[in-house]
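*Asks:*
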Ligand SMILES: [Zn+2]
Ligand SMILES: [Zn+2]
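In the numbering used here, the protein residues as written are -1 to 56.
1. With a cut-off of 8 Å on the beta carbons, I'd call residue 8 and residue 40 a contact; round off their distance for me.
2. Within 10 angstroms of its Cβ, does residue 33 collect 16 or more other Cβ (buried), or is it exposed?
3. Given that a residue counts as buried once 16 or more other Cβ atoms are within 10 Å of its Cβ, and exposed if not, what is residue 51?
4. Quick check: does the Cβ of residue 33 come within less than 7 Å of any heavy atom belonging to ligand 2?
5. Out of 17, 11, 47 and 21, which one is the CA nearest neighbour of residue 27?
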């Protein structure tokens, strides 16, 4: 399989495969940055940080 441009999980930086069905969301603070979270990080409620405004949260 060639390197597709898979979205990276903002928490663990691992690529999210279409099979995995991660969650695409916008930063709840600034609403400008769109990022992905994998199912694992959602379950573990891992922290993420918005690259734009620095908001940290689950
Ligand atoms: Zn993750
Ligand atoms: Zn933000």
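Cβ atoms here follow ideal geometry from the backbone N, Cα and C, with glycine treated the same way.
*Replies:* In short, the structure shows the following:
1. Stepping through the chain shown from its first residue, residue 8 is reached at position 10. Stepping through the chain shown from its first residue, residue 40 is reached at position 42. Going by Cβ atoms, the distance from residue 8 to residue 40 rounds to 11 Å, so no, they are not a contact pair.
2. Here residue 33 refers to the residue found at position 35 of the chain shown. Buried.
3. For the purposes of this step, residue 51 is taken as residue 53 along the chain shown, with counting starting at 1. Note on residue 51: under 16 other CB atoms within 10 angstroms of its CB, so exposed under the neighbour-count rule.
4. Translated into the one-based positions of the chain shown, residue 33 becomes position 35. Residue 33: no, Cβ never under 7 Å from ligand 2.
5. On the chain shown, position 29 is the one that residue 27 refers to. For residue 27, the nearest C-alpha among the options comes from 47.
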